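Just so you know, UniProt numbering puts 188 at position 188 of the sequence shown, and the rest follows in order with no gaps.
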Amino acid sequence: MTDEEFDTPFKRRLALTMTAVGLLAGMLTYLGGQAGAQEDRNAREAQRASVTALAAQAGATADSMESTANLGTATTVKRRHDLESLRATLLGEQEHEALADRLRRAYGKLSGSSPLLGADATAAQRYLADLNREATVAGLLQEATQETASSWGDRSNTYSAGTALLAVALTLFGLSLTVGEATRHHLVWPAAALVAVTVAGTLVLLAVPPVTTPRAAIAAVAEGDRLAGLRDYENALDHYTRAIALRDDYAVAYEHRASARVMAASPERATSAYVFSTASRSAYEAAVADMTRAVEYGGEKYTALGNLGGFEIHLTAYEAAEEHSRAAIELNPGPPIPRLNLLLALLGQNRTAEARRVATELLRVIRSRPDPTERNELYAATRTNLDLVAAQRDHARPLAQELKGELVRAQGEELAPNARPAPSARIPAIRVEAQGSVIRATLSYEGMFKGARMASIVYHRARPGDEWLQRSDLVSIQPWQPEQTSGTTYWTVVDAACPATGEYRVEFYAEGRLLASAGATLSTGTGVGLTGYADWAGGLALCRPDGWAFSHDLAGTADLTSPDKRHHLAVRILRIAPPTSAASRARTLGTVREQLERTLPARPLSARPPAEATFGGFTGTAWWMTLPGSEVAYLWAALDDTGRLRTFVARFPENDPEVLNNVIGYLRFV
Numbered sequence: 001m002t003d004e005e006f007d008t009p010f011k012r013r014l015a016l017t018m019t020a021v022g023l024l025a026g027m028l029t030y031l032g033g034q035a036g037a038q039e040d041r042n043a044r045e046a047q048r049a050s051v052t053a054l055a056a057q058a059g060a061t062a063d064s065m066e067s068t069a070n071l072g073t074a075t076t077v078k079r080r081h082d083l084e085s086l087r088a089t090l091l092g093e094q095e096h097e098a099l100a101d102r103l104r105r106a107y108g109k110l111s112g113s114s115p116l117l118g119a120d121a122t123a124a125q126r127y128l129a130d131l132n133r134e135a136t137v138a139g140l141l142q143e144a145t146q147e148t149a150s151s152w153g154d155r156s157n158t159y160s161a162g163t164a165l166l167a168v169a170l171t172l173f174g175l176s177l178t179v180g181e182a183t184r185h186h187l188v189w190p191a192a193a194l195v196a197v198t199v200a201g202t203l204v205l206l207a208v209p210p211v212t213t214p215r216a217a218i219a220a221v222a223e224g225d226r227l228a229g230l231r232d233y234e235n236a237l238d239h240y241t242r243a244i245a246l247r248d249d250y251a252v253a254y255e256h257r258a259s260a261r262v263m264a265a266s267p268e269r270a271t272s273a274y275v276f277s278t279a280s281r282s283a284y285e286a287a288v289a290d291m292t293r294a295v296e297y298g299g300e301k302y303t304a305l306g307n308l309g310g311f312e313i314h315l316t317a318y319e320a321a322e323e324h325s326r327a328a329i330e331l332n333p334g335p336p337i338p339r340l341n342l343l344l345a346l347l348g349q350n351r352t353a354e355a356r357r358v359a360t361e362l363l364r365v366i367r368s369r370p371d372p373t374e375r376n377e378l379y380a381a382t383r384t385n386l387d388l389v390a391a392q393r394d395h396a397r398p399l400a401q402e403l404k405g406e407l408v409r410a411q412g413e414e415l416a417p418n419a420r421p422a423p424s425a426r427i428p429a430i431r432v433e434a435q436g437s438v439i440r441a442t443l444s445y446e447g448m449f450k451g452a453r454m455a456s457i458v459y460h461r462a463r464p465g466d467e468w469l470q471r472s473d474l475v476s477i478q479p480w481q482p483e484q485t486s487g488t489t490y491w492t493v494v495d496a497a498c499p500a501t502g503e504y505r506v507e508f509y510a511e512g513r514l515l516a517s518a519g520a521t522l523s524t525g526t527g528v529g530l531t532g533y534a535d536w537a538g539g540l541a542l543c544r545p546d547g548w549a550f551s552h553d554l555a556g557t558a559d560l561t562s563p564d565k566r567h568h569l570a571v572r573i574l575r576i577a578p579p580t581s582a583a584s585r586a587r588t589l590g591t592v593r594e595q596l597e598r599t600l601p602a603r604p605l606s607a608r609p610p611a612e613a614t615f616g617g618f619t620g621t622a623w624w625m626t627l628p629g630s631e632v633a634y635l636w637a638a639l640d641d642t643g644r645l646r647t648f649v650a651r652f653p654e655n656d657p658e659v660l661n662n663v664i665g666y667l668r669f670v
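1) Name the residue from 129, 421 and 304 whose alpha carbon lies nearest to the alpha carbon of residue 449.
2) By how many angstroms is the C-alpha of residue 12 removed from the C-alpha of residue 1?
3) Among 636, 588, 392 and 242, whose alpha-carbon lies nearest the alpha-carbon of residue 316?
4) Classify residue 267 as buried or exposed, calling it buried when 16 or more other Cβ atoms lie within 10 Å of its own Cβ.
5) Looking at residue 253 and residue 221, is the spacing between their C-beta atoms short of 8 Å?
6) Where does residue 105 land, buried or exposed, given buried means 16+ other C-beta within 10 angstroms?
7) Give the secondary structure of residue 634 by DSSP, where H, G and I count as helix, E and B as strand, and everything else as coil.
8) Please determine if the stretch 548-557 and the stretch 616-625 are in contact, where contact requires at least 3 C-beta pairs separated by less than 8 Å.
9) Looking only at C-alpha atoms, which of 475, 551, 662 and 157 sits nearest to residue 415?
10) Applying the 10 Å Cβ sphere with the 16-neighbour rule, what's the burial state of residue 94?
11) Tell me, please, which residues DSSP counts as bridged to residue 295.
12) Would you verify that the beta carbon of residue 198 is, or is not, closer than 8 Å to some beta carbon of chain B?
13) Evaluate contact between the stretch 192-211 and the stretch 128-140, counting only Cβ atoms and requiring at least three cross-stretch pairs below 8 Å.
14) Considering Cα atoms alone, identify which of 390, 519, 532 and 78 is closest to residue 110.
15) Let's see if you can read the secondary structure: which residues bound the beta strand (DSSP E) around residue 460?
16) Within the chosen definition, does the stretch 388-406 reach the stretch 338-356 through at least 3 CB pairs nearer than 8 Å?
17) Note down the Cα distance separating residue 68 from residue 156, rounded to an integer number of angstroms.
18) Give the C-beta separation of residue 496 and residue 432 to the nearest angstrom, bearing in mind that I take them to be a contact with Cβ-Cβ under 8 Å.
19) Mapping the DSSP letters down to three states, classify residue 329 as helix, strand or coil.
20) Quick one: what does DSSP say residue 559 is sitting in, helix, strand or coil?
21) DSSP three-state call for residue 171: helix, strand or coil?
22) Return helix, strand or coil for residue 496, following the three-state DSSP convention.
23) In terms of alpha-carbon separation, which member of 615, 654 and 657 lies closest to residue 648?
24) Kindly identify the DSSP beta-bridge partner or partners of residue 573.
25) Got a sec, what are the start and stop residues for the alpha helix (DSSP H) residue 250 sits in?
26) Which of helix, strand or coil does DSSP assign to residue 603?
27) Going by Cα to Cα distance, which pick from 28, 626 and 242 is closest to residue 606?
28) Using C-beta distances below 6 Å, list every residue in its chain close to residue 520, excluding the 5 sequence neighbours before and after it, in chain order.
29) Please tell me whether residue 187 and residue 179 are closer than 8 Å, where the distance is taken between their beta carbons.
30) Going by beta carbon distance, what residues of the same chain come within less than 7 Å of residue 462, once the five residues before and after it are set aside?
31) Residue 490: buried (16+ other C-beta within 10 angstroms of its C-beta) or exposed?
32) To the nearest angstrom, how far is the alpha carbon of residue 596 from that of residue 645?
33) Throw me the rounded Cβ distance for the residue 240 and residue 224 pair, which I believe falls under 8 Å.
34) Starting from the Cα of residue 442, find the closest Cα among 108, 507, 642 and 168 and give me that residue.
35) Per DSSP, what are the beta-bridge partners of residue 544 in this structure?
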């Protein structure tokens with residue numbers, strides 16, 4: 001029997017095998033071509049979505065600019081109308097009533113020129129958020145279709161790789177025909193293994209569909225983003241969760257839900273524009289879980305890594321925070337937040353020398369940011385988080401305090417550039433009180449001089465045991481005013497965030513040197529939720545208790561009524577000609593009193609002599625009046641040297657003034 005006859009069955013089997021492998025290679029080539037075509041199709045869709053997003057963003061910007069411009073025109077007319085109406089009301093100058101009526105009609109003709117007209121801050125934010133929703137959807141669609149295109153591209157590459165493996169297998173099969181039986185299996189078995197691997201990989205690839213994102217999931221994330229922009233984080237969380245239910249590996253939804261979890265639990269949820277410094281531990285735990293999935297499903301993206309590093313600091317996971325912060329810095333070295341997180345991670349690990357170097361770089365980056373609001377929030381957030389790590393690790397306290405001083409010094413050079421250092425300044429004694437929205441410190445000081453740079457840094461927490469929060473609006477850095485080098489003085493800071501309960505801690509610095517620190521518990525708090533209102537044009541800010549009726553039809557006015565309708569407060573502010581003498585001031589205030597009495601529901605039964613009283617930082621004249629039905633009216637008016645007239649009328653049951661006293665305690669004239 002010849003070798004050729006011996007090999008005939010093998011050759012037949014090999015021929016069939018090679019034919020099957022060739023067919024498989026052809027199928028993979030076809031599938032690769034189809035995947036490539038799908039990749040191209042989705043890439044074109046992603047490009048179209050990108051163009052749509054840009055066009056939608058441009059359209060939203062144009063609409064908002066037009067609406068804002070029309071708002072400015074109409075608001076000018078409205079403001080003039082409000083001034084004329086207030087002059088007629090507060091000063092009894094009836095000739096201004098006719099002018100106010102003409103201005104009211106003119107404003108009515110402009111009422112349709114902007115959807116922002118008559119809208120409060122929430123409605124205005126909702127309008128702007130709605131304008132940007134189309135651009136958000138298009139942007140998310142672009143990202144999703146690009147992800148799908150990449151998925152098809154990966155499949156195409158995999159099919160091509162499988163085709164290459166089959167080509168190698170065919171080569172090995174062919175070579176096996178050229179060698180003897182003893183060495184043939186060294187070629188046949190590797191070739192068979194390559195074919196098996198390719199077949200298994202192909203079956204897996206066919207069983208697993210390419211990455212796609214349902215349009216409903218995209219819409220849910222877009223709606224969540226819109227609600228988060230309106231600071232409605234609870235409902236935003238619901239929409240992100242809905243998106244995850246539609247696609248359980250949707251990285252964007254996990255990332256946005258993680259951030260919303262923290263913001264929903266943060267005391268800064270209504271105030272911060274750039275940085276959220278603190279929230280509950282449970283919120284950070286849930287956020288870390290979500291952000292970890294975002295990194296796992298979406299790759300190592302800058303925002304996910306940067307936020308994850310910050311969340312882990314609050315859970316004392318310093319090593320993980322360092323790893324993620326360094327990765328974020330490597331991807332984008334410009335923004336400051338990952339450097340802040342890296343500083344805190346190093347501080348928590350007691351790596352002092354490295355922490356100092358990172359702190360120096362962080363301070364340079366903060367000072368380079370162009371937006372002063374962002375800079376101030378970054379200064380405050382860094383102080384807050386340095387205190388956090390110091391509370392977590394005792395060894396961090398000395399360096400944390402030193403770095404806080406450096407932050408105060410740098411911020412002081414920005415906010416009070418013409419003030420001078422005071423190296424000999426001392427504060428031997430300090431007492432802090434907090435009433436309503438006013439935090440007042442009584443200081444005994446030595447070694448000071450007029451024009452010295454002095455800083456007060458105020459921290460707040462809602463309950464004992466919570467993390468202290470240093471908000472950017474609770475910072476006062478200014479030149480020292482008293483002429484004497486030693487003595488006693490007062491230092492006042494206003495908390496515009498409408499605190500209903502809580503504790504304050506005030507730190508005083510001369511440059512970067514901590515001089516004194518003291519705390520106080522908020523008194524005259526309402527004990528109920530408070531909502532802030534600010535009318536900067538009219539010069540008024542207040543905190544209204546939840547459930548109270550509230551109206552502000554005219555700029556510089558506010559009317560509040562308690563739910564039981566037993567307590568009323570009417571505030572009016574007007575700029576008039578400055579008083580030329582004490583007599584002219586008294587005449588004006590007498591007229592104002594007469595006009596305010598006209599707003600009372602009944603003529604007073606009796607009145608006390610006028611008395612001096614201070615509210616919202618301004619001293620004026622107050623009148624007590626007894627009304628029928630055991631009701632009391634309290635009238636107050638102040639006219640300063642610039643001609644700003646401030647008034648309010650308070651009405652309440654004779655034996656129940658406390659409720660309204662608390663509300664007035666939050667009244668601020670700005």
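Beta carbons: idealized from backbone N, C-alpha and C, even for Gly. Keep in mind that this is a model prediction, so the values were computed, not measured.
Answer, in terms of the structure:
1) Here residue 449 refers to the residue found at position 449 when the sequence shown is read from its first residue. Answer by Cα proximity: 421.
2) For the purposes of this step, residue 1 is taken as the residue at position 1 of the sequence shown. For the purposes of this step, residue 12 is taken as the residue at position 12 of the sequence shown. With a pLDDT of 42 at residue 1, under the threshold of 50, the modelled position of that residue is not reliable, and no figure is offered here.
3) Within the sequence shown, numbered from 1, the residue matching residue 316 stands at position 316. Selected option, being the one with the closest Cα: 392.
4) Walking along the sequence shown from the start, residue 267 turns up at place 267. Residue 267 is buried by the Cβ-count criterion.
5) Here residue 221 refers to the residue found at position 221 when the sequence shown is read from its first residue. Here residue 253 refers to the residue found at position 253 when the sequence shown is read from its first residue. In this structure, residue 253 lies closer than 8 Å to residue 221 by Cβ.
6) Your numbering for residue 105 matches position 105 in the sequence shown. With fewer than 16 Cβ atoms within 10 Å of its Cβ, residue 105 is classed as exposed.
7) Along the sequence shown, one-based indexing puts residue 634 at 634. Residue 634 falls in the strand class under three-state DSSP.
8) no
9) The residue you call residue 415 lines up with position 415 of the sequence shown. For residue 415, the nearest C-alpha among the options comes from 475.
10) Taking the sequence shown and counting its residues from 1, the one referred to as residue 94 is at position 94. Label assigned to residue 94: exposed.
11) Taking the sequence shown and counting its residues from 1, one reaches residue 295 at position 295. DSSP lists no partner for residue 295.
12) Looking at the structure shown, chain B is missing, and only one protein chain is on hand.
13) no
14) Start at 1 with the first residue of the sequence shown, and residue 110 comes out as number 110. The option with the nearest alpha carbon to residue 110 is 78.
15) To locate residue 460, count along the sequence shown from 1; it is residue 460. It spans 453-461 - the beta strand (DSSP E) in which residue 460 sits, taken as one unbroken run.
16) yes
17) On the sequence shown, residue 68 is found 68 positions in, with the first residue counted as 1. On the sequence shown, residue 156 is found 156 positions in, with the first residue counted as 1. Approximately 50 Å, taken between the alpha carbons.
18) Translated into the one-based positions of the sequence shown, residue 496 becomes position 496. Translated into the one-based positions of the sequence shown, residue 432 becomes position 432. About 18 Å; that fails the 8 Å criterion.
19) Sequence index remark: in the sequence shown, residue 329 carries index 329 (1-based). In this structure, residue 329 counts as helix in the three-state DSSP scheme.
20) On the sequence shown, position 559 is the one that residue 559 refers to. Residue 559 falls in the strand class under three-state DSSP.
21) For the purposes of this step, residue 171 is identified with residue 171 of the sequence shown, where counting begins at 1. Three-state result, residue 171: helix.
22) For the purposes of this step, residue 496 is identified with residue 496 of the sequence shown, where counting begins at 1. Coil.
23) Within the sequence shown, numbered from 1, the residue matching residue 648 stands at position 648. Closest by alpha carbon: 615.
24) Taking the sequence shown and counting its residues from 1, the one referred to as residue 573 is at position 573. Bridge partners of residue 573: 646.
25) If you number the sequence shown from 1, residue 250 lands on position 250. That residue, residue 250, is in no alpha helix (DSSP H); it is neither H nor E in DSSP.
26) Position 603 of the sequence shown, counted from the first residue, corresponds to residue 603. DSSP places residue 603 in coil when its eight states are reduced to three.
27) Here the question's residue 606 lines up with position 606 in the sequence shown. That would be 626, whose Cα lies nearest to the Cα of residue 606.
28) Along the sequence shown, one-based indexing puts residue 520 at 520. Answer for residue 520: 432, 433, 434 and 504, listed in chain order.
29) The sequence position of residue 187 within the sequence shown is 187, counting from 1. The sequence position of residue 179 within the sequence shown is 179, counting from 1. Yes, they are a contact pair.
30) As a first step, residue 462 is located in the sequence shown; it is residue number 462 there, counting from the start. Closer than 7 Å at the Cβ level, and outside the excluded window around residue 462, lie 267, 501 and 502.
31) Counting from 1 along the sequence shown, the entry for residue 490 is found at position 490. Answer is exposed; the Cβ neighbour count stays below 16.
32) On the sequence shown, residue 596 is found 596 positions in, with the first residue counted as 1. On the sequence shown, residue 645 is found 645 positions in, with the first residue counted as 1. When rounded, the distance between both Cα atoms is 13 Å.
33) Taking the sequence shown and counting its residues from 1, the one referred to as residue 240 is at position 240. Taking the sequence shown and counting its residues from 1, the one referred to as residue 224 is at position 224. Yes, residue 240 and residue 224 are in contact; Cβ-Cβ is about 5 Å, under 8 Å.
34) What you label residue 442 is simply residue 442 of the sequence shown in a count that begins at 1. Looking at the Cα atoms, 507 is the closest of the given residues.
35) By 1-based counting over the sequence shown, the position of residue 544 is 544. DSSP lists 531 as partners of residue 544.
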